[in-house]
Amino acid sequence: MLTDYLSLMWLPFLACLILTLIHGYLGLHVISREVVFVDIALAQVAALGSTAAYLVGYDLDTAVAYWMSLGFTLAGAAVFALTRTRERRVPQEAVIGVVYAVSAAAAILLLDRAPHGLEQIKAMLVGSLLTVTPSTVAKTGALYGVLGLFHWLVRRPLFLISIDPGEAHRRGLAVRWWDFLFYASFGVVVTSSVRIAGVLLVFAYLIVPALAGVAWGTRWGSRLALGWSLSATVSLVGMGLSAYLDLPTGATIVTLFGVALAAAWTVLALVRMASRPAAPGEPAAAPPMRGA
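FYI, the numbering for the sequence shown is 128 to 419, going by our numbering.
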């Protein structure tokens, strides 16, 4: 039984690890930029592109559907890059929310005219993680490796714009151009990830590890390590639970991400309370009992 399970689940777990590496890093940028919902918005835009391809007769796993999805996503990336202004008169989260809502509504309208529309909506939300093929995992890993190298080579301007955009403007950086490159590379990742894991799981891989890393870590390196560890553990446990309890894998992992984040914040709050010095007049904590 265990051997059969491992033979079936090693490839989806490998796909999860690939998602963990790239999304854990991008999530820290997203948190720093305060555009938390940009992932789910771009994922929904990518899903809209796939839906449009499906409506005109192409299956979701075809090359035409992928390129249409990527084209829609790059258009969304251009919108986000152009709407980020130095004065920030309009919060970019508002623009992101509008893009998400319109894309979701448009996808529903298109699927209403397509046969098996409900099945396609489900596929967009939860993906096809368990049916991922070796070639898909290999191509996705190679693509994310190239994008990871790109981010490493241009890490200095991207880090500066994410952490201190005002300083980036003062140094004369072409912020909008760098923003477009960031969102475009982000969009390529999302387009590929949604085909594997669906909108909800992609969002969880991006945000939850980054939030846990920011809560516990003080530097980018430690935050990345914490986020990656949490994400890999949740993926492994989630797949095991879904197989044992016969539950949908994607929904199980997303739910466990929420549980893990709540547990991480609870433990952090308890640690801070225990380490907080006693206020004047407040009795100190009782010493531990002998033998405890």
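Beta carbons are placed, not taken as given, at the ideal position from N, Cα and C, and that holds for glycine.
So, at 6 Å on beta carbons, what are the nonlocal neighbours of residue i in its own chain, with the 5 sequence-adjacent residues on each side left out?
i      : result
His150 : Tyr332, Leu333
Tyr193 : none
Ala180 : Val191, Ala192, Met195
Val329 : Ala170, Ser320, Val321
Asp306 : Ala208, Arg211
Leu257 : Pro139, Thr376
Report buried or exposed for residue i, applying the criterion of at least 16 other Cβ atoms within 10 angstroms of its Cβ.
i      : result
Tyr271 : buried
Leu397 : exposed
Ala232 : exposed
Arg211 : buried
Gly184 : exposed
Ala387 : buried
Asp239 : exposed
Ser312 : buried
Gly385 : exposed
Ser349 : exposed
Pro336 : buried
Val157 : buried
Thr393 : exposed
Can you look up residue i in the DSSP assignment and give me helix, strand or coil?
i      : result
Asp166 : helix
Glu220 : helix
Thr189 : coil
Gly184 : coil
Ala399 : Reading off the sequence, residue 399 comes out as Arg, not Ala. Here Arg399 sits in helix by DSSP.
Arg240 : coil
Arg160 : helix
With a threshold of 8 Å on Cβ separation, who are the neighbours of residue i within its own chain once the five nearest residues in sequence on each side are excluded?
i      : result
Glu220 : Glu161, Val162, Val163, Phe164
Arg303 : Ala208, Leu209, Arg211
Thr189 : Ala180
Pro284 : Ala295, Leu300, Trp305
Ala277 : A quick correction: the sequence has Phe, not Ala, at residue 277. Closer than 8 Å at the Cβ level, and outside the excluded window around Phe277, lie Ser312.
Val259 : Leu138, Pro139, Ala142, Ile323
Leu374 : Leu368
Excluding the 5 residues flanking residue i on each side, which residues of the same chain have their C-beta closer than 7 Å to its C-beta?
i      : result
Asp186 : Ala192
Phe140 : Ser362, Leu363, Met366
Thr200 : Leu169, Val172, Ala173, Gly176, Gly314, Val317, Thr318
Tyr310 : Ala204, Phe207, Ala208
Gly198 : Gly176
Hey, would you say the C-beta of residue i is under 8 Å away from at least one heavy atom of the ligand ZN?
i      : result
Tyr152 : With respect to the ligand ZN, the structure offers nothing, as it holds no ligand at all.
Using a Cβ-Cβ distance cut-off of 9 Å, determine whether residue i contacts chain B.
i      : result
Arg403 : Looking at the structure shown, chain B is missing, and only one protein chain is on hand.
- Item | Start-end ranges of the alpha helix (DSSP H) lying completely within the region 244 to 319, minimum 4 residues | 244 to 253, 261 to 280, 282 to 290, 292 to 297
- Message: Check whether the region 217 to 230 and the region 339 to 356 touch, using three or more Cβ-Cβ pairs below 8 Å as the test.
- Response: Segments in contact, no.
- Message: I'd like to know if the region 309 to 327 and the region 364 to 371 are in contact, where contact means that at least 3 CB-CB pairs between them fall below 8 Å.
- Response: Flag = no, the region 309 to 327 and the region 364 to 371 do not touch.
- Does the region 281 to 291 come close enough to the region 392 to 405 that 3 or more CB-CB pairs lie under 8 Å? no
- Message: Please give me, in chain order, every unbroken run of the alpha helix (DSSP H) with length at least 4 that falls completely inside the region 321 to 390.
- Response: 347 to 372
- Decide if the region 257 to 275 is in contact with the region 294 to 306; the criterion is three or more beta carbon pairs, one per stretch, under 8 Å apart. The answer is no - the region 294 to 306 does not touch the region 257 to 275, with fewer than three Cβ pairs under 8 Å.
- Flag this pair as touching only if the region 376 to 383 and the region 357 to 368 have three or more C-beta atom pairs under 8 Å; answer yes or no. When Cβ pairs closer than 8 Å are counted between the two stretches, the region 376 to 383 is seen to touch the region 357 to 368, the count reaching three or more.
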